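Comments concern the structure below.
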RNA sequence: GGAGAGGUGGCUGAGCGGUCGAAAGCGGCGGUCUUGAAAACCGUUGAGGGUUUAUCCCCUCCCAGGGUUCGAAUCCCUGCCUCUCCGCCA
C-alpha cells in the first residue's frame, strides 16, 4: 500500500510514477473522495467532541446531585447525527482504501522502462553454457525412466502435479538441504518452519489479497485459509503488527516450503514437465531491514541466491525486470534465469525483490528508530534461494550424459550418500 | 469433542457504567548526588489519525467485530486466542 499522505501531498508525483507501470490514475475521482472525506471527518470529530464533553458534564452534574434532565434533552438527537456521520465516514474511507490498495508500489528509479519480459535488462551472465556431442534431452525425457511420473500426478490430483520416486526424489531433497545449509551457515539466515495455510490478513499483508485471489488455492473452512503461494507469505508476516527493537535488526529468515499456485490464466503455458506446477518446493529468503539498508540488502540477498547456482555450477544470467514486468508489491526485482539445455534458453529460477515499506505498511511492521524514538515502517525483501523443482530440472538437463544418465553435481553428493550418477 | 478460567501500556498487574489513555510495581529515558558507578531521590515514558509552519487543540484505540447507554476498559452478543482438567490422537 502506498502512503496515503504521499498521495495527498505529492499527487502529481504518484500519478506520474504509476504511468511508468502503464496505470492511469483517476485523479479527479480521488480528489473528490478526499475532499469529501476531509469534510465528513471534521464533522464527525466535532460531533464526537460534543458528545464527550456533554457526557462528562452529565456525569459531573450527577455527582453534585443536580437534575440532569435538561442536559439529557440537549443531547437528544446527538446520537443519531453522530451515528450517521460515522457511517458516512466509514463508507468514504472504505472507498478510498479500496482505491489505494489496488495501486501497485512505486518503482525504484533504476528500473528500466518496458512492457514485458522482452524489455528486461540483462545485468550479468555466469558459467559456461554446456555443449553436448549429442542431442540434449529435456527433463521429461530424462526423467521418464528415473521415477519422474506426470501420469501418476494427474491420477492422484490433476495435471500440473508430479510424482517423484527414487533417486530423483532424493536429489530434490538434497538440493533443498544444500540450499538451507548454505543460507543458514554461510549467509546468516535463521531457519524457520511455518504454516502452509495462511489467513486472509496474512495474504493481505504481503499483497496477494485482495487483488490476486484467483492465483491462490482457497480452502473451504471457517475462517478462510489459503494455501501459501510462497513462503514469503507466512515468513514475512512474522513481523506483522510488531515493533522490532533496533538492535534486533536486520532479521533474516530462510524457510523451505511447498508452494501452491492455481496458475489461473496460464492455460497452455509450460504444460510440459515440471516447469509450472500447482505444487512445487522452494527455499525462500526473507529480510526485514532498516529503510536505509534495503538497497544494499537487496544486492546481498540476490547474491545469496546466486551463490547456490554457483555451487551447483549451473550457468545463469541475472536480469533486472522492467517496469511492466515488476510485480505489484515490488519496487525493484532481479530475476535469476538458469540455462535449460532442453529448451535452449534461460528460465526463471529465482526472483529477488525489494518491497521497501509497501508490505510493511499493510502489515504494520515497524522498528523503533533510535534517532527519532518513534516506530517507523521497516523495509521488507525476499527472494527465492532457489525454486527447488526448477533447480532439479536444471541439474538434470545440464548434467545429462549421452547414455541418458545424470551426473550428480559434487556439491550435492554429500547429501546423496556419495552417489555420483543417476542412471 | 466436553468442563472451567482468562485476554488491560515494553513486562507484571489494579481498575463501583461517569474528570480512565487507564493505579501500582518493574523496565527504559533525563536529572540530582558521586572521582566514576551503584544505591537513594526527583521527573519523564503507549500507538494511530485530523487541524497546524510549529505549538495548541481535537478524535480513535484497554484481543477483534457488533449492541445497550447521554456516557463502556467496565454491561450484553458473536468470533479469535491463551491457560487448566477430561476424552481422543501423531
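Numbering (the working numbering), first residue to last: 144 to 566.
Where is the CB? At the ideal position from N, CA and C, for every residue including glycine.
Note that the structure is predicted; figures quoted are calculated from it, not measured.
Please work out which residues of its chain come closer than 7 angstroms, Cβ to Cβ, to residue i, disregarding the five sequence neighbours upstream and downstream, and give them in chain order.
i           : result
residue 566 : 548
residue 265 : 460, 462
residue 476 : 464, 469, 470, 494, 495, 496
residue 187 : 228, 229, 232
residue 437 : 497, 499, 522, 524
residue 295 : 306
residue 415 : 283
residue 352 : 343, 346
residue 217 : 197
residue 225 : 190, 191, 194
residue 179 : 235
residue 238 : 176
Excluding the five sequence neighbours on either side, which residues of its own chain have a C-beta within less than 6 angstroms of the C-beta of residue i, listed in chain order?
i           : result
residue 441 : 497, 524
residue 244 : 144
residue 201 : 211, 214
residue 219 : none
residue 550 : 542, 564
residue 491 : 478, 480
residue 269 : 459
residue 536 : 282, 417
residue 209 : none
residue 333 : 396
Whole-angstrom Cβ separation of residue i and residue j, contact assumed at under 8 angstroms?
i           : j           : result
residue 396 : residue 378 : 5 angstroms
residue 426 : residue 323 : 6 angstroms
residue 282 : residue 540 : 5 angstroms
residue 485 : residue 279 : 6 angstroms
residue 502 : residue 373 : The pair is not a contact, with the Cβ atoms about 13 angstroms apart (cut-off 8 angstroms).
residue 371 : residue 533 : With 8 angstroms as the limit, residue 371 and residue 533 do not qualify as a contact, their Cβ atoms being about 18 angstroms apart.
residue 432 : residue 522 : 5 angstroms
residue 526 : residue 452 : Contact doesn't hold; Cβ gap of about 12 angstroms is too wide.
residue 311 : residue 286 : 6 angstroms
residue 572 : residue 407 : The chain is shown from 144 up to 566; residue 572 falls before or after that span and cannot be answered.
residue 154 : residue 170 : 6 angstroms
residue 290 : residue 309 : 4 angstroms
residue 335 : residue 409 : The Cβ separation is near 29 angstroms, so there is no contact.
Enumerate in chain order the residues of its own chain whose CB-to-CB distance from residue i is below 8 angstroms, with the five nearest sequence positions on each side excluded.
i           : result
residue 288 : 547
residue 555 : 314, 317, 318, 321, 455, 538
residue 362 : 340, 368, 369, 370
residue 276 : 545
residue 151 : 177
residue 299 : 306
residue 366 : 342, 343
residue 271 : 458
residue 354 : 244, 245, 471
residue 387 : 394, 431, 508, 509, 510, 511, 521
residue 149 : 156, 157
residue 434 : 499, 500, 519, 520, 521, 522
Spell out the partners DSSP gives residue i in its beta bridges.
i           : result
residue 509 : 386, 520
residue 459 : 269, 481
residue 401 : 424
residue 490 : 481
residue 530 : 425
residue 476 : 496
residue 550 : 564
residue 334 : 397
residue 431 : 394, 523
residue 543 : 549
Discussion item. List, from N- to C-terminal side, the beta strand (DSSP E) runs of 3 residues or more that fit wholly inside the stretch 257 to 313.
Written reply: Listed in chain order, they are 264 to 269.
When the Cβ atoms of the stretch 330 to 339 are set against those of the stretch 396 to 405, are three or more pairs found closer than 8 angstroms?
-> Flag = yes, the stretch 330 to 339 and the stretch 396 to 405 touch.
Hey, which unbroken runs of the alpha helix (DSSP H) at 4 residues or more fall wholly within the stretch 341 to 381? Whole alpha helix (DSSP H) segments, 4+ residues: 343 to 349, 375 to 379.
| message | Tell me whether the stretch 511 to 520 and the stretch 440 to 458 touch, counting them as touching only if at least three CB pairs, one residue from each stretch, are closer than 8 angstroms. | response | No, the stretch 511 to 520 is not in contact with the stretch 440 to 458.
> Taking one C-beta from the stretch 431 to 448 and one from the stretch 542 to 560 each time, how about it: are there three or more such pairs within less than 8 angstroms?
Replying inline: By the Cβ criterion, the stretch 431 to 448 is not in contact with the stretch 542 to 560, since fewer than three pairs of Cβ atoms, one from each stretch, lie closer than 8 angstroms.
### Message
Three or more C-beta pairs under 8 angstroms: does that hold for the stretch 302 to 313 against the stretch 409 to 429?
### Response
With the cut-off at 8 angstroms, the stretch 302 to 313 and the stretch 409 to 429 touch.
- Query: Using 8 angstroms as the Cβ pair cut-off and three pairs as the minimum, do the stretch 461 to 481 and the stretch 239 to 256 touch?
  - Reply: Counting Cβ pairs under 8 angstroms, three or more are found: they touch.
- Message: Can you confirm whether the stretch 553 to 563 touches the stretch 480 to 489 when touching is taken to mean that 3 or more C-beta pairs between the two stretches lie within less than 8 angstroms?
- Response: Contact between the stretch 480 to 489 and the stretch 553 to 563 is absent: fewer than three C-beta pairs spanning the two stretches fall below 8 angstroms.
Decide yes or no for the touch test of the stretch 159 to 179 against the stretch 193 to 208: beta carbon pairs closer than 8 angstroms, at least 3 of them. By the Cβ rule, the stretch 159 to 179 does not count as touching the stretch 193 to 208, because fewer than three pairs are nearer than 8 angstroms.
- Between the stretch 379 to 394 and the stretch 501 to 511, are three or more C-beta pairs nearer than 8 angstroms? Touching, yes.
Task: Ranges of the alpha helix (DSSP H) found wholly within the stretch 161 to 243, counting only runs of at least 4 - done: If we require 4 residues or more, the alpha helix (DSSP H) runs fully inside the stretch 161 to 243 come out as 170 to 206, 212 to 217.
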